[in-house]
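*Asks:* After the structure tokens below, expect a handful of questions from me.
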């Protein structure tokens, strides 16, 4: 069985996956926002010519020169609205072409045929892929009513989480590696941690949030002694409505953590955001965002929690299974075992775990990608 694991087709991981929802690459930022709200997905794909946004997938992938060429998450839109050139007229920014918010890093989305092996999938992720687009096997082929897919095929996409979850089912085959402490496996990243201090302006994290989204991690919040207090997670920001952009521009990093916690922002922080927007002459920025919410969600509740912050009515993206995520950081220790950290990350639906010392000081971060490096080497030796 151990010898056969690397030969398992990637289609085994696609069972039960929903069809990928895509927009044409010529869509607007507002179109992407509407799709995220409508479907409740963590991200939507962009379908177009391979050279429109990103390099085409190896071998043509989807055929005919057309492919899933990128993806958009809600946090991409929030950070886009916070750019200085968009503060005066966020409504106009939402009419921009969606390519304006697509991460420019190439290779984040890669195509893979269903007969490809698990080892093939892991190697693409180690090369930098976040999502793998795989044709779904359905009798006779099916045209999707919701997705702009081609050649009479529907597609799904696989994530690092899907592969880690799959490997966990075969964890005994990798013994004794899963029981080893993570500090003995060389997978703790100590050099590229993204962090801001508790009292720093949240706006100082604006350049770090997109980077953390690319790395599928978060921005750590630390105190003056470098002890980990919490985090600003792209995933959590994606569960908020558009007005969270105003909070990012006006609050401290510590206050933003409280603002984006599930259940809606405290009333005193809502008032503080409005006061500081007035001081910065950005009241029209918030008004424009609220008008956009009212226009696109006319049936939303009028309660303060749902009009302003992370209420259900104004949710930008994400879905209910992810709504348990808060600004509290998920942590482990250097002596924690690999399998314990895997389970911890999967249980909290994150692709990383912060590593702290006994005194709470931030020591590094472990990601799904670094875990997959370990399994990759073992799989190669088993094949």
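Numbering (the working numbering), first residue to last: 383 to 765.
Yeah, the Cβ is synthetic: ideal placement off N, Cα and C, and Gly gets one too.
Note that the structure is predicted; figures quoted are calculated from it, not measured.
For residue 724, which residues does DSSP report across the bridge?
*Replies:* Answer by DSSP bridge pairing: none, since residue 724 is not bridged.
*Asks:* Can you tell which of 583, 749, 649, 421 has the C-alpha that lies nearest to the C-alpha of residue 574?
*Replies:* Of the listed residues, the one whose Cα sits closest to residue 574 is 749.
*Asks:* Would you call the region 716-728 and the region 613-624 touching, i.e. three or more CB-CB distances under 8 Å?
*Replies:* Taking 8 Å as the limit for Cβ pairs, the verdict is that the region 613-624 does not touch the region 716-728.
*Asks:* Assuming residue 455 and residue 631 form a contact by the criterion Cβ under 8 Å, report the distance between their Cβ atoms to the nearest whole angstrom.
*Replies:* At roughly 19 Å, the Cβ-Cβ gap does not stay under 8 Å, so residue 455 and residue 631 are not in contact.
*Asks:* Would the beta-carbon of residue 740 be found less than 7 Å away from any heavy atom of the ligand PLP?
*Replies:* Only the bare structure without any ligand can be found here, which leaves the ligand PLP out of the picture.
*Asks:* Identify, in the order they occur along the chain, each residue of the same chain with its Cβ nearer than 8 Å to the Cβ of residue 382, setting aside the five sequence neighbours on each side.
*Replies:* Residue 382 cannot be examined here, being either before or after the span of the chain that is shown, 383 to 765.
*Asks:* Give the range of the beta strand (DSSP E) segment to which residue 569 is assigned.
*Replies:* No beta strand (DSSP E) contains residue 569, which DSSP labels as neither H nor E.
*Asks:* Return the first residue and the last residue of the beta strand (DSSP E) that residue 734 is part of.
*Replies:* It spans 734-738 - the beta strand (DSSP E) in which residue 734 sits, taken as one unbroken run.
*Asks:* Confirm, please, whether the CB-CB distance from residue 711 to residue 613 is below 8 Å.
*Replies:* Contact: yes.
*Asks:* Helix, strand or coil: how does DSSP classify residue 537 here?
*Replies:* In this structure, residue 537 counts as strand in the three-state DSSP scheme.
*Asks:* I'd like the span of the alpha helix (DSSP H) that includes residue 616, first residue to last.
*Replies:* Per DSSP, residue 616 belongs to the alpha helix (DSSP H) from 616-620.
*Asks:* Got a sec, what are the start and stop residues for the alpha helix (DSSP H) residue 410 sits in?
*Replies:* Taken as a continuous stretch (DSSP letters only), residue 410 belongs to no alpha helix (DSSP H), as it is neither H nor E.
*Asks:* Is the number of C-beta pairs between the region 403-417 and the region 474-484 that are closer than 8 Å three or more?
*Replies:* At 8 Å Cβ cutoff, the stretches touch.
*Asks:* Assuming residue 602 and residue 429 are in contact, meaning their beta carbons sit under 8 Å apart, how far apart are those beta carbons, in whole angstroms?
*Replies:* Not confirmed; about 35 Å, so no contact.
*Asks:* Under the three-state reduction of DSSP, which class applies to residue 705: helix, strand or coil?
*Replies:* Note that residue 705 scores 37 on pLDDT, short of 50, meaning its location in the model is unreliable; the coordinates nonetheless yield the value given after this. Of the three classes helix, strand and coil, the one that applies to residue 705 here is coil, per DSSP.
*Asks:* Checking the sheet assignment: what are the DSSP bridge partners for residue 602?
*Replies:* Partner(s): 577, 613.
*Asks:* Applying the 10 Å Cβ sphere with the 16-neighbour rule, what's the burial state of residue 638?
*Replies:* Flag for residue 638 reads buried.
*Asks:* Since residue 454 sits in a beta bridge, which residues does DSSP pair it with?
*Replies:* Partner(s): 426.
*Asks:* Determine contact between the region 543-563 and the region 744-759, defined as no fewer than three beta-carbon pairs at a distance below 8 Å.
*Replies:* Short answer: they touch.
*Asks:* Please report the distance separating the alpha-carbon of residue 651 from that of residue 642.
*Replies:* Rounded to whole angstroms, residue 651 to residue 642 spans 11 Å at the Cα level.
*Asks:* Use the C-beta contact count for residue 420: other C-beta atoms within 10 angstroms, 16 or more gives buried, fewer gives exposed.
*Replies:* Label assigned to residue 420: exposed.
*Asks:* Would you kindly report the start and end of the unbroken beta strand (DSSP E) that includes residue 476?
*Replies:* Here residue 476 belongs to no beta strand (DSSP E); instead the alpha helix (DSSP H) covers 472-476.
*Asks:* Determine the burial state of residue 446: buried for a count of at least 16 other Cβ atoms within 10 Å of its Cβ, exposed for fewer.
*Replies:* A caution first: residue 446 carries a pLDDT of 46, below 50, which makes its placement in the model unreliable, though a value can still be read off. So residue 446 counts as exposed.
*Asks:* Using a threshold of 8 Å, state whether the C-beta atoms of residue 773 and residue 584 are closer than that.
*Replies:* A query on residue 773 cannot be resolved here, the shown segment of the chain reaching from 383 to 765 and no further.
*Asks:* Just mark residue 681 as buried or exposed, buried being the case when its beta carbon has 16 or more other beta carbons within 10 Å.
*Replies:* Any answer about residue 681 is weak, because its pLDDT of 39 lies below 50 and its placement is not dependable; what the coordinates show is given next. By the 10 Å Cβ count, residue 681 comes out exposed.
*Asks:* Run the CB neighbour count on residue 665, radius 10 Å, all protein chains shown included, and call it buried at 16 or more, exposed below.
*Replies:* Residue 665 is exposed by the Cβ-count criterion.
*Asks:* If residue 402 sits next to residue 539, beta carbons under 8 Å apart, how far is it from one beta carbon to the other, in whole angstroms?
*Replies:* Residue 402 to residue 539, Cβ: 5 Å. Contact.
*Asks:* Considering only residues of the same chain and omitting the five flanking positions on each side of residue 770, which have a CB-CB separation below 7 Å?
*Replies:* As displayed, the chain neither begins before 383 nor continues past 765, which places residue 770 out of reach and without an answer.
*Asks:* Check this for me: beta carbons of residue 817 and residue 733, under 8 Å apart or not?
*Replies:* For residue 817 there is no data in the structure shown, the boundaries of the chain being 383 and 765.
*Asks:* Hey, residue 392 and residue 500: beta-carbon distance below 8 Å or not?
*Replies:* Yes; because the gap between Cβ atoms is below 8 Å, this pair is in contact.
*Asks:* If you measure between the beta carbons of residue 596 and residue 487, is that distance less than 8 Å?
*Replies:* A contact, by the Cβ cut-off of 8 Å.
*Asks:* In terms of residue numbering, what span does the beta strand (DSSP E) encompassing residue 632 cover?
*Replies:* From DSSP, residue 632 is part of no beta strand (DSSP E) but of the alpha helix (DSSP H) over 626-632.
*Asks:* Bridge partners for residue 513 per DSSP, in chain order?
*Replies:* Its beta-bridge partners are 491, 541.
*Asks:* Helix, strand or coil: how does DSSP classify residue 559 here?
*Replies:* Residue 559 falls in the helix class under three-state DSSP.
*Asks:* Provide the residue(s) that pair with residue 747 in DSSP beta bridges, ordered along the chain.
*Replies:* Per DSSP, 571, 736.
*Asks:* Would DSSP call residue 754 helix, strand or coil?
*Replies:* Three-state DSSP puts residue 754 in a helix.
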